[in-house]
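Numbering (the working numbering), first residue to last: 55 to 229. Beneath this line is the structure, given in structure tokens, with notes to follow.
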Amino acid sequence: MLRYAAEHAKINRIRHLTSLTDEQFTQLVVPFELAFLRDMDAWTMEGLPRMGRRYSQYATSPLPTPEDRLLFMLSYLKVAAVQVAHGAVFGMSQSNANKWIHVLLTVLHQTLMDVEDLPVRHLQDLTQRLDVRYPSENAVCPPLFIKTAPNARSRAPKTPMSRARVIAARKSATR
């Protein structure tokens, strides 16, 4: 089973699994856990409102630590694995993996909102965010788009698409 405690000591393993450095991952653990506990105070794992008893971590949880929960969600988003395979890697059934994915996806979204690091969807939002992060005129601001010079014309011979022979061959191939 994949566990954070076993993987973080291996060089670049967390980065390969999540696209985050160890430091970035560690910074995200506390806000992620706070958002998880807030969500669990209001909702059950099945997505129903919590009515009776409060949430408590059970001893046989497939994701016992906050680091394991964050690793589970980020690696799922990076790899886009089939739920059966992702659940098997973390030692759980597909139905259990599905529950955890649905719970932790909303928790991750809330965490990114809390730390003000949600992805932007529009170019105007991106330029506004970059203006906030790089306010001074002398600051180095990364370019929004990288442009490359146009290539020279290809020296490969052009395929004559309008000759009668080519048109006939195309028509006979589609019948």
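All residues carry an ideal CB built from backbone N, CA and C; glycine is no exception.
Judged by DSSP secondary structure, Ala59 falls within the alpha helix (DSSP H) whose first and last residues are Tyr58 to Glu61. Within the model, the alpha-carbon separation for Leu71 versus Lys212 is close to 45 angstroms. Boundaries of the alpha helix (DSSP H) harbouring Asp93: Asp76 to Ala96, taken from the DSSP string. Pro211 sits in coil when the DSSP states are folded into three classes, being neither helix nor strand.
Take the alpha-carbon of Pro103 and the one of Lys64: they are about 40 angstroms apart. The beta carbon of Trp154 sits closer than 7 angstroms to the beta carbons of Leu117 and Phe126 from its chain, once the five residues preceding and following it are set aside; these are given in chain order.
In the structure shown, Pro173 adopts coil according to DSSP, grouped into three states.
Rounded to the nearest whole angstrom, the CA to CA distance from Ala151 to Gln182 is 37 angstroms.
Residue pairing by DSSP places Pro103 opposite Trp97 in a beta bridge. Taking C-beta atoms as the reference points, His156 and Gly101 count as a pair closer than 8 angstroms. Excluding the 5 residues flanking it on each side, Glu121 has same chain C-beta neighbours closer than 7 angstroms at Tyr58 and Val83, in chain order.
For Glu61, same chain residues with a beta-carbon under 8 angstroms away, outside a window of 5 residues either side, are Arg67, Ile68, Leu71 and Leu125 in chain order. For Arg69, the uninterrupted alpha helix (DSSP H) segment begins and ends at Arg67 to Thr72. The C-alpha of Gln78 is placed about 24 angstroms away from the C-alpha of Met94.
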